[in-house]
Amino acid sequence: MSRVWNFSAGPAALPEEVLKQAAEEMLDWQGAGMGVMEMSHRGKEFTSIAEAAEADLRELMAVPDNYRILFMQGGAIAENAIIPMNLLGQHDSADYVVTGAWSAKSLKEARRYCKAHVAASAEAGGFTSVPAMTEWSLSDDPAYLFTCTNETIGGVEYPFEPDLAAIGRAEVPVVADVSSHILSRAMDVSKYGLLFGGAQKNIGPAGLTIVIVREDLLGRSVPACPTAFDYKTVADNGSMYNTPPTYGIYIAGLVFQWLKRQGGVAAIEAQNIAKAKLLYDYLDASDFYASKVDPACRSRMNVPFFLADESLNEVFLAESKAAGLVQLKGHKSVGGMRASIYNAMPLAGVQALVDFMRDFAARKG
Ligand SMILES: *Cc1c(COP(=O)(O)O)cnc(C)c1O
């Protein structure tokens, strides 16, 4: 068996230790005589798996007691509809900060449910930065303010945590799509009304969606909200109103345990800073490659970069793949290359990429 360095934006690489443990437990989970996929979600074995996963996530992110953790399905894209259906209540509008493809998509979906107001947009600059909070212009009475704090496609990450108290609008709950940087850095959950993300970037398999929601925001859903997507129903039933994605929750739980063994979020954040610095420092020092994102807003997780001579793109991709470095092609809307370096990517993988890039530049430059 030989494994590649996998720079996929998602579904993305998982820690090898986690995959090995899952493989060992595939046929017989801890003496249960069956694998996790075959278990009743209401049985004592799976209940213990789900409870441990939730407790470990709560510990890792220091989620306050007045927040509920929900294990849902539908991915982040379904949440673009589920969020307005749950949070609008008596409001008829919501505010959106548009910083890239994902928040633009969220805005578009919200317009099916409410008046969605653009509080700030980075589109004029080609989605390469995050507008400062002092430039955000909130509407009079929005149900919430939506942000995507790491734009996976553009490689733009908030260099600050959205904090509406700082601009005198503490009453408006902040919603954040954290799909592609959850658990990669410290986040102050108490600053948000709701955090959500698909699992397949930094947590586990596709099919599991994590929602962390402040309790006072439960019970506001509009009548058309599907019962299975009503946060209050999901919360009241411990994420088991319908059958949850049991195997996804199990793998997520193994990833949370792995993360705790690494030293938790603070330790992985230090590693992520080192990984990003290694790659961006090389990009900045080289005339052969370039990053187009405002240096203050560069994502630590998703690093789009361009070859100065784009006619070499196909050769770059073919040679990098032959060297065991895969999934480096940029998103079609951005072009160029993109290296996604989530928690599970070790520094050695980023070093292998930089070594390859340096060698390629020396040969073709
Ligand atoms: C991947 C991603 C999505 C889409 O997630 P799905 O699971 O496909 O619905 C949405 N937002 C962000 C920030 C993402 O990275």
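Quick note: the sequence shown uses this note's numbering, first residue 1, plus one each step.
Glycine included, each C-beta is placed from N, C-alpha and C at the ideal position.
What residues in its chain sit with their C-beta under 7 Å from that of K364, if we drop five residues either side in the sequence?
L312
How would you write the range of the alpha helix (DSSP H) that I49 sits in, first residue to last?
K44 to L60
beta-carbon C114 near ligand 1 non-hydrogen atom, thresh 7 Å
no
Check: A76 C-beta below 7 Å from any heavy atom of ligand 1:
yes
Collapsed DSSP secondary structure at K292 in the structure displayed
coil
Going by C-alpha to C-alpha distance, which of Y289, D294 and Q327 sits closest to A361?
Y289
Own chain residues within Cβ distance below 7 Å of V334, not counting five before or after
I153, G154 and P304
Let me confirm a value: A274 is counted as buried when at least 16 other C-beta atoms fall within 10 Å, else exposed. Which label applies?
exposed
Give the range of the beta strand (DSSP E) segment to which S190 is assigned.
Where S190 is concerned, there is no enclosing beta strand (DSSP E), given that its DSSP letter is neither H nor E.
Examine ligand 1 and report whether any of its heavy atoms sits within less than 7 Å of the Cβ of Q200.
yes
Rounded Cβ spacing between L60 and K332 (contact assumed at less than 8 Å):
In fact, because the Cβ distance is near 34 Å, the residues do not count as touching under 8 Å.
Is A6 near ligand 1, going by C-beta to nearest heavy atom under 7 Å?
Here the sequence assigns Asn to residue 6, which means Ala is not the residue at that position. N6 Cβ: outside cutoff for every heavy atom of ligand 1.
Candidates A52, A13, D92 and F7: closest to G238 by CA position
A52
Proximity winner among G197, A176 and D236, relative to P11 (alpha-carbon distances):
G197
Can you tell me whether DSSP reads P11 as helix, strand or coil?
coil
Counting along the chain, where does the beta strand (DSSP E) carrying I153 start and finish?
No beta strand (DSSP E) contains I153, which DSSP labels as neither H nor E.
Helix, strand or coil, according to DSSP, for I341 in the structure here?
coil
If you drop the 5 nearest sequence neighbours on each side, which residues of the same chain put their C-beta closer than 8 Å to that of Y241?
T227, A228, T233 and V234
Assign T128 to buried or exposed, taking buried as 16 or more other Cβ atoms, counted over all protein chains shown, within 10 Å of its Cβ.
buried
Classify E24 as helix, strand or coil using the three-state DSSP reduction.
helix
State the Cα-Cα distance for the pair A81 and A143, rounded to the nearest angstrom.
14 Å
Nearest-angstrom Cα distance between L164 and S93?
17 Å
May I have the straight-line CA-CA distance separating H91 from A124, to the nearest angstrom?
29 Å
Near ligand 1: A12 beta-carbon under 7 Å from a heavy atom
no
Check whether the Cβ of D141 lies closer than 7 Å to any heavy atom of ligand 1, and answer yes or no.
no
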